[in-house]
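Numbering (the working numbering), first residue to last: 12 to 349.
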Ligand SMILES: Nc1nc2c(ncn2[C@@H]2O[C@H](COP(=O)(O)OP(=O)(O)OP(=O)(O)O)[C@@H](O)[C@H]2O)c(=O)[nH]1
Ligand SMILES: [Mg+2]
């Protein structure tokens, strides 16, 4: 299960009370005050952990408390400090006060830490109240309460892979088959109005995040259709999957479609074209075998050195192979980046 937003209640440990005690020892008739201080309460700390990929832990553990400090003891013994509670979150987690919009902290890199609620200080024991004129102090400080708070944790995903293509090409169908994302799918253009992200589980290989954005049409960079504003959501992706409808019913030519979308990507940001791109011929189930719609696209892919996959997103055909190849490419890119 993939969880990208949770509310949590965090409570830091209370400080232990200071102790009131006097030294009592054989042959030491008037031992002085020796009440130790209470231990500090533990804090709750969020830490960005590279091995943690979702916030699902908090779905089952929305309440997390750190340990309180122990009370001070006689003999000038301080109470034990409460252990801090370290909670792992994925890198990319944004912390807000529950219901608020202001960002308290953004855990962007693995190892980033955020002290969410601070443990209460332990109180002083009577020993520390002693002065030359006040030799029998009975004062002590109680431990301070630990902080508590209700926070919203949100995982801001940065997609690894962007889906581009004409409206109705089957981008949303594809993401719904390879991830838990459930965008609306329908047989008309511009079904998708806002970007969707899905996490693809690539088995033993690393999982990756894929972004489905509204379709592009000719002139999108001039504002036609929904425009190209959504391309910013895939600007930071590492790889593109270009979905082309090859069914004979699209009323268009797959190679033309490919070129139109490529032109729009270029108009938005030419750097997008320098990115590895998979060309995916979708709706292969509708091919009757008599047309060479598939071959035209395949040879274009070959000439541009793009990996080519013919799939049926609807029927799930060719998806495992595609996911595997994409995961493998991402992995290779990561290792070559060092
Ligand atoms: N036969 C067949 N139909 C498909 C396939 N993939 C998608 N479709 C259908 O094509 C239509 C459009 O699919 P969507 O996934 O909504 O397309 P989209 O690219 O997200 O469209 P926009 O959001 O408008 O850009 C739907 O009716 C799907 O059922 C496929 O592999 N085979
Ligand atoms: Mg869609």
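Just so you know, even glycine gets a beta-carbon here, dropped at the ideal spot from N, CA and C.
On a predicted model such as this, the values are computed, not experimentally measured, just so you know.
Closest to residue 350 by C-alpha separation, out of 330, 273 and 259, would be which residue? In the structure displayed, the chain extends from 12 to 349; residue 350 sits before or after that span and is not available.
Give me the Cα-Cα distance between residue 179 and residue 56, rounded to the nearest whole angstrom. 46 Å
Taking its Cβ as the centre, do 16 or more other Cβ atoms sit within 10 Å of residue 74, making it buried, or is it exposed? exposed
Three-state secondary structure (DSSP) of residue 306: helix
For residue 99, the first and last residue of its enclosing beta strand (DSSP E): 96–100
Along the chain, which unbroken stretches of the alpha helix (DSSP H) at least 4 residues long are found entirely within the segment 111–196? 182–189
Find the nearest neighbour of residue 102 within the set 89, 110, 124 and 82, judged by alpha-carbon distance. 124
With DSSP as the reference, label residue 274 as helix, strand or coil. helix
Do you know whose CA, among 35, 26, 128 and 117, lies nearest residue 87's CA? 35
Alpha-carbon to alpha-carbon, residue 141 and residue 135: 11 Å
Neighbourhood of residue 92 by C-beta, 6 Å cutoff - its chain only, sequence neighbours within 5 removed: 50, 51 and 80
Are three or more beta carbon pairs between the segment 106–118 and the segment 38–46 nearer than 8 Å? no
Can you tell me whether residue 251 is buried or exposed? The criterion is at least 16 other CB atoms within 10 Å of its CB, across all chains shown. buried
Between residue 53 and residue 96, is the Cβ-Cβ spacing less than 9 Å? yes
Quick one: grab the DSSP three-state call for residue 66. coil
In terms of alpha-carbon separation, which member of 338, 23 and 269 lies closest to residue 158? 23
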